[in-house]
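Heads up: the structure comes next, in structure tokens.
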Amino acid sequence: MTSTMRPRFIALVLSPILLAVACSSGGSGGSGGDSAQAAAGQCPVAALDKVTEPVNITFWQSGLSQSLGDAIKTMVGNYNAAQQKVHVTLQFQGTYDEGSDKYLTALRGGTLPDLVLLEETRLQLMIDSKSVIPAQACIDAAKYDTSDHLPAVLREFTVDKQLWPMPFNVSNPVLYYDTNDFAKAGLDPNAPPKTFADVVAAAKKIKASGAAGTGLAWEMSAWYFEQWFAKAGQTVVDHDNGRAGRAEKATLNNATGKEILGFVKQLFDEGLALNVGRNESGTDTLLALGKGDAAMTAYTSAALSSIYDIQAAGQFTDVGVGVAPLPGTDAPNGGVQVGGGALWLVGKGKSDVTKAASWDFAKWLNEPVQQALWSKLTGYIPIRKSAVTLPDVADLWKTKPTFRVAYDQLAASHAGGGPSIGPYKEFRSAIRDGLEAMVLKNMSVDDALALMEKEANAALTSYNERVAP
Amino acid sequence: MATRTIGRYALLTFCAVVVFLPIYVAVVIAIQPAARVVDFPGVLLPKSLTLEPFRNAMRSGNLGRYLVNSGVVTAFIVGGQVITSILAAYAFAFVQFPFKRVVFTLFLATLMVPAEATIVANYETIQHFGWLDSYQALVMPFLATAFGTFLIRQAFLGVPQDLRDASALDGYGHWGFLRGVAVPLARPAIAAFTVFSFLLAWNQYLWPLLVTNDDAHRTVQIGLKSLAGANVANLNLPAAGAVIAGLPIFFLLLFFQRHLVRGLTSGAVKG
Amino acid sequence: MAVPVQAGGAEVVVGRRKREWPLAVILLLPSAVVFGLFVFYPLARTIQLGMYRSDPFGGLGRYVGPSQYWDVLTSESFLRSLGVTLKFAALTVPTGLGLGLGLAVLGHQQLRGIGVYRTIFSSTVATSVAVASLMWLTLLNPSIGLVNQALTKLGHEPIIFLQRPGWALVSVAMATVWQNLGFTFIVISAGLQSVPDELLESARIDGAGPWRRFREVTLPLLSPTLLFAFVVLSINAFQTFGQVDLLTHGGPLHSTELLVYHVFQRTSNDPSTAAAEAVVLFGIVLLLTLVQLRVLERRVHYGD
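Chains as they are written, first to last, in numbering that gives the first Met the number 0: chain D, 0 to 468; chain U, 0 to 270; chain G, 0 to 303.
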């Protein structure tokens, strides 16, 4: 019995190997979408005109859970009801990280979605995957006008003069502060801190007055560190943050890096900040504000809706919600960068009608009306300038001016896009290691920066030698 | 004597309180309005009750359908594992065959392969069979486990030699001995293993997330993880989800424990 | 299947072997197929992958050979995670086994209402890793965790349990021991139940006190169960993932970065290094378990 079993079993076991080898050798031959002429042929936008039956497309979203997940369900439902040509099936794939990992796994011969929403940090990884078509190809083919989009949003997703994914849910970091605590500490609630020095001064007053436990609730996140570089008009990796060629080295160990870490170190040395750790739940810094453990914190603008929801439910009502642009050192060529998700049009193994259908839905989600509704449902920043004149946004801004802070901050930004690098997760981990070593183990600013660069460079080198040898 | 009894109860109660505290906290948080979460110690003694968190959790986590899927998948896995484990354990305990030690070591070795190491290759296999988005994908890779084989083998080895000799005299063949003597005597171990197998199957997360995309096949842990995401407005949503996902198991445990105890007492091995 | 009695003793054994060999195959086949297809085959794939330098997109990439295993084994980050994992095992396994045994002995008493206590002691099996981690988060969260709310009420500074070096690993260990407790309790209770009352009774008649009865009758008979629980807890410790993923994400400063989590973090972006690490991890656990079984199985009493 076993003797007849064995050859079959081995064949069964071997075939996926052969398949995988075949796939991988086929995949590496592709050239990626680097030529603009080829790009126009890549996106057959007209294919949808001829369809007689609805085209079904699968849309993977990750990162939007709970009320955000409900909101994206609403958007998809609206689209499906609004037209007959395309039917979108929405599938939730977990956190941003899980969604991205799942996409990479599906690349190994599984079923890829037709459209996928991923975090902005996956930009270079998705380009390198050679499985997507740049939105630029569709924009060129359809002569789609992007002049109404916020320039900072387009810059974030543009590499080598090509807009890769269509932007969708966008936020940026702002300073949340408790206006009541500010008043108690003798600070002007209408004059929030603008620079690092302002933050330190305000924190000292807050702590001394006992208005809150301490000045600032701090999370061990690389995001703010990157944003402070951007505000100062600096890149964090070479080749213009990887936008004008593949990034090879981190550019963290400089005057800007020293200024930022010096600020963080001062906060902790003088007991002006409360470390809540990595804030993986996404609520810890805000809760510290709510409970009066701190009076300020930096966090994503996307949390503002939730903050008002929670107060409407009767919690933390003694907090006066103040929102201000992220304090830091500014430069004329600087400003905040976009955080959030974007829509990737999958090309690998997809038919013309499917590609056209994905483009149609992505384009629809970018319409000012949809962006206004999306912003109202979630608190994300509308990415269209004309969206802010629509009632869904305008009315909200009238009653709650705090909502426009993040939009204004982004509209005023002159920063280029954030780092376009494959090993983004490892890069952030490197920065966090330096921050944690400094705050928790009392490492010096110089040593912490050196540690960050060493780990970040190792990650970039390892990625580049495997992906672009 | 009386003080001793009181002492025993005091010790038992103390241990029970410590063990049960995290569960109790999750339950009381889940049945009160979110605002109460930060009202310590008042939150520990619920005053105003609400089912709202459960409704929210059921809806945003799509827990209704997912609970059914989890139930189906778990039933198949547990059934399969119990059968394959009993068979394999029997071979290791009572059947003579060459390279037994080597084969047993190979079986045990499967326990030590970290699932994270095999997950991508397994995805390719499932994909190759065309099983993505199906119950097969969730069930097939888990139809055997060395845990069960090991645990039940241990119990089989505890079957006294004279019982084996006696049944040989009675003319029992291997199958008769398996059904009539070995399995009944190993019932406590099989019962304990069933509980364990149930839990592992019910609690899978990474694999179901990988091989399923549609609501028709996803399991409750995936819904649960989506509730763990951030939302300050619903501080008690994770707790509510945890309670919902935990309840079926808790009731099964209550039900099963009587069986467990019966199995334990009736099947006790008498030397 | 009955062995013909008229045959000579030595021939019976031989005859049996001849006959039993196919039976063993039939009995083992279902498990073997599953293991072959879903454990050993992917393991072989992983071993192969560990000798390449792959991109994250499914390509095998450049062959570098077995030397990558040595590179991994001697790399700073792998050794650091190995150290964390050993510490974690030392924190969880003896504690888990001790508490499980203690509770099982407590729950084994003949008292009115003992069933309620038994249910409570086994109740943590009703929690998955995800559920248990969410529960511990509600306790240990720096701002709204009940422990910190209590500390603040008592005038103490809040402790960032999950993100302070020193505290973080202990907290994860605590959640793990707690989550495993129900399982350990059930398994050891099952073992206790099968200790024959007659043996204990006769020991009592011989004048043995409760401690001596426990040590000389119960414990030896319990040893297969304890060995099982010990091996399972050890393997669990080496494969812990979910708690870290939900509670600490390996931080702060990698102080809770257990091996499986370390490997998993790399898997998507650097699959070949992750594969090599997973294989080395497998080798370590295999070796440890074989040593455990070799050393301990000699002391285990199987009742015949």
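Here a beta-carbon is modelled for each residue, glycine too, at the ideal position from N, C-alpha and C.
Nothing here was measured: the structure is a model prediction, and the numbers come from that model.
Just to make sure I have the definition right: I need the residues of chain G whose C-beta is within less than 8 Å of the C-beta of residue i. Which are they?
i: A133 of chain D; result: As written in the sequence, residue 133 of chain D is Pro, which differs from the Ala given in the question. Going along chain G, no residue has its Cβ under 8 Å from P133 of chain D, so there is no contact; the nearest lies around 17 Å.
i: G245 of chain U; result: A125, T126, S127, V130
i: A24 of chain U; result: For the sequence presented, residue 24 of chain U should be read as Val rather than Ala. Correct list: M134, T137, L138, L145.
i: D283 of chain D; result: N140, P141, S142
i: F13 of chain U; result: Ordered by position in chain G, no residue passes the 8 Å Cβ test against F13 of chain U, which lies about 10 Å from the chain.
Residue j and residue i - do their beta-carbons sit closer together than 9 Å?
i: G214 of chain D; j: V444 of chain D; result: no
i: Y122 of chain U; j: L199 of chain U; result: no
i: T137 of chain G; j: I28 of chain U; result: yes
i: P195 of chain G; j: L161 of chain G; result: no
i: P140 of chain U; j: V33 of chain G; result: yes
i: S53 of chain G; j: H261 of chain G; result: no
i: D113 of chain D; j: T57 of chain D; result: yes
i: F156 of chain D; j: G416 of chain D; result: yes
i: V318 of chain D; j: L288 of chain D; result: yes
i: S127 of chain G; j: I185 of chain G; result: no
i: T507 of chain D; j: G321 of chain D; result: With chain D covering only 0 through 468, there is no way to say anything about residue 507 of chain D.
i: F75 of chain U; j: L110 of chain U; result: no
i: D283 of chain D; j: S142 of chain G; result: yes
i: Q80 of chain U; j: F192 of chain U; result: yes
i: A88 of chain G; j: F237 of chain G; result: yes
Under 8 Å Cβ-Cβ, which residues of chain U neighbour residue i?
i: K101 of chain D; result: L208, L209
i: F263 of chain G; result: E115
Pick out whichever of the options has its Cα sitting closest to the Cα of residue i.
i: T151 of chain G; options: U:A15, U:F39, U:A34, U:Y23; result: U:F39
i: Y462 of chain D; options: D:D127, D:Q161, D:E258; result: D:D127
i: T94 of chain D; options: D:G68, D:R245, D:K142, D:T194; result: D:G68
i: G334 of chain D; options: D:A458, D:T296, D:Q408; result: D:Q408
i: Y134 of chain U; options: U:T211, U:H127, U:F197; result: U:T211
i: N79 of chain D; options: D:D432, D:A182, D:A361; result: D:A361
i: L245 of chain G; options: D:R277, D:Y102, D:K354, D:C137; result: D:R277
i: V275 of chain D; options: D:Y298, D:V158, D:D177; result: D:Y298
i: W69 of chain G; options: G:V278, G:T183, G:T175; result: G:V278
i: P324 of chain D; options: D:R403, D:H413, D:D96, D:A467; result: D:R403
i: I306 of chain D; options: D:L286, D:V50, D:A294, D:D292; result: D:L286
i: Q370 of chain D; options: D:W59, D:V75, D:G109; result: D:V75
i: V38 of chain G; options: U:L107, U:D164, U:L252; result: U:L107
For residue i, go through chain G and note every residue whose CB falls closer than 9 Å to its CB, in chain order.
i: R277 of chain D; result: L161, Q162, T247, H248, G250, P251
i: D292 of chain D; result: P141, S142, T151, P157
i: M219 of chain D; result: Q162, G250, P251
i: A211 of chain D; result: Within chain G, no residue comes near A211 of chain D; the closest Cβ sits about 13 Å away, beyond 9 Å.
Since residue i meets chain U, which of its residues come closer than 7 Å, beta carbon to beta carbon?
i: A23 of chain G; result: A90, V94, F96
i: E97 of chain D; result: L208
i: I185 of chain G; result: A191, V194
Could you confirm whether any beta carbon from chain C is found closer than 9 Å to the beta carbon of residue i?
i: G241 of chain G; result: The chain inventory of the structure shown lacks chain C, comprising the protein chains D, U and G.
For a contact meaning CB atoms closer than 9 Å, what does residue i contact in chain U?
i: Y51 of chain G; result: Result: empty, since nearest Cβ-Cβ is about 13 Å, beyond 9 Å.
i: F58 of chain D; result: Residues of chain U passing the Cβ test: none, with the nearest at roughly 11 Å.
Identify the contact partners of residue i in chain D, using a Cβ-Cβ distance below 7 Å as the criterion.
i: Q126 of chain U; result: G108, G109
So with CB distances below 8 Å, who are the chain D contacts of residue i?
i: L236 of chain U; result: Q65
i: S166 of chain U; result: What S166 of chain U touches in chain D: nothing, since even the nearest Cβ is about 28 Å away.
i: F34 of chain G; result: The contacting residues do not exist; F34 of chain G stays about 12 Å from chain D at best.
i: Y122 of chain U; result: T104, R107, G109
Less than 8 Å between the CB atoms is what I'm expecting for residue i and residue j, so what's the real figure, rounded?
i: M125 of chain D; j: K264 of chain D; result: With a Cβ gap of about 36 Å, M125 of chain D and K264 of chain D do not count as contacting.
i: K337 of chain D; j: N171 of chain D; result: The sequence shown places Val at residue 337 of chain D, rather than the Lys named in the question. With a Cβ gap of about 6 Å, V337 of chain D and N171 of chain D count as contacting.
i: A34 of chain U; j: G240 of chain U; result: Wrong, their Cβ atoms sit about 19 Å apart, outside the cutoff.
i: W363 of chain D; j: L117 of chain D; result: Contact doesn't hold; Cβ gap of about 19 Å is too wide.
i: P41 of chain G; j: N268 of chain G; result: No, P41 of chain G and N268 of chain G are not in contact; Cβ-Cβ is about 20 Å, not under 8 Å.
For a contact meaning CB atoms closer than 9 Å, what does residue i contact in chain D?
i: P29 of chain G; result: Chain D residues near P29 of chain G: none, gap ~13 Å exceeds 9 Å.
i: E70 of chain G; result: For clarity, residue 70 of chain G is Asp in the given sequence; the question names Glu instead. In chain order: nothing, as chain D lies at least about 12 Å away.
For residue i, which residues in chain G fall below 7 Å Cβ to Cβ?
i: A200 of chain U; result: The contacting residues do not exist; A200 of chain U stays about 11 Å from chain G at best.
i: T73 of chain U; result: Correct list: empty, because the minimum Cβ distance to chain G is about 12 Å.
Q.
Quick test of the definition: if touching needs 3 or more C-beta pairs under 8 Å, does the region 149-159 of chain U touch the region 183-201 of chain U?
A. Yes: the two stretches touch, three or more of their Cβ pairs being nearer than 8 Å.
Q: Evaluate contact between the region 159-178 of chain D and the region 370-388 of chain D, counting only Cβ atoms and requiring at least three cross-stretch pairs below 8 Å.
A: In short, these stretches touch, since the Cβ pair count reaches three.
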